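Just below is one structure, and these are the notes that go with it.
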């Protein structure tokens with residue numbers, strides 16, 4: 577173990593390297609138990625594939641250091657782990673006072689890549705910045721575009737059924753590049 581951790585590795589892949597020794601040990605141990613206690617046949621190709629998959633899953637679960645999908649990293653490990661996740665890719669926004677007679681729903685989604693557990697949320701504020709309505713809920717397995725759409729749809733539904741619908745104009749703000757702002 578000391579020699580393993582003392583080995584010089586490419587900058588940025590030290591977490592992967594240090595995790596790998598535990599994954600190899602764990603996978604061989606589980607494989608050995610299957611052979612000894614369940615009369616399974618030792619399959620070195622399967623063990624190798626399990627090691628690769630577990631390294632990706634464990635590192636991603638512990639540090640979430642990559643913006644690539646687990647499948648991409650599995651297929652192309654060098655390229656996948658070299659695409660480090662940006663710390664905060666969103667631009668900072670400042671609340672701007674609204675005109676009288678307008679309210680704004682800020683809507684966002686939480687979904688990763690093509691298909692994952694997703695959630696939506698939003699805040700409806702008046703011209704004083706006071707929160708009039710807030711929502712947050714899970715929406716099951718969805719892609720990020722559908723999650724954004726469902727968040728905007730939920731904002732429309734909540735606003736149209738609120739006491740403010742007859743007296744205020746609605747602005748919906750979303751950080752998605754796939755939906756355009758319409759005032």
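In the numbering used here, the protein residues as written are 577 to 759.
Where is the CB? At the ideal position from N, CA and C, for every residue including glycine.
It should be emphasised that the depicted structure is a prediction, and the values quoted were computed from it without experimental measurement.
Cα-Cα separation between residue 745 and residue 715, rounded to whole angstroms: Position 169 of the chain shown, counted from the start, is the residue given in the question as residue 745. Position 139 of the chain shown, counted from the start, is the residue given in the question as residue 715. Residue 745 and residue 715: Cα-Cα distance of roughly 27 Å.
Beta-carbon contacts of residue 713 that lie in its chain and below 7 Å, excluding the five residues immediately before and after: Residue 713 sits at position 137 when you count from the first residue of the chain shown. So the qualifying residues of the chain are 695 and 696.
Beta-carbon spacing of residue 628, residue 680 below 8 Å: To locate residue 628, count along the chain shown from 1; it is residue 52. To locate residue 680, count along the chain shown from 1; it is residue 104. Not closer than 8 Å, so no.
Every unbroken alpha helix (DSSP H) inside the region 683 to 757 [4 residues or more]: 720 to 736
Close-in-space but distant-in-sequence residues of the same chain around residue 740 (CB under 7 Å, 5 per side omitted): The residue you call residue 740 lines up with position 164 of the chain shown. 679 and 708, listed in sequence order.
Of the residues 743, 732, 685 and 619, the one placed nearest residue 720, counting alpha carbons only: Sequence index remark: in the chain shown, residue 720 carries index 144 (1-based). It is 685 whose Cα lies nearest to the Cα of residue 720.
Residues of its chain near residue 634, where Cβ-Cβ distance is below 7 Å and the 5 sequence neighbours each way are ignored: Position 58 of the chain shown holds residue 634. So the qualifying residues of the chain are 595 and 599.
Same chain, Cβ closer than 6 Å to residue 699, neighbours up to 5 away in sequence not counted: Against the chain shown, residue 699 aligns to sequence position 123. 682, 707 and 710.
Residue 771 versus residue 631 - alpha carbon distance: The chain is shown from 577 up to 759; residue 771 falls before or after that span and cannot be answered.
Distance, residue 731 Cα to residue 597 Cα: Reading the chain shown from its first residue, position 21 is the one you call residue 597. Reading the chain shown from its first residue, position 155 is the one you call residue 731. C-alpha separation (whole angstroms): 48 Å.
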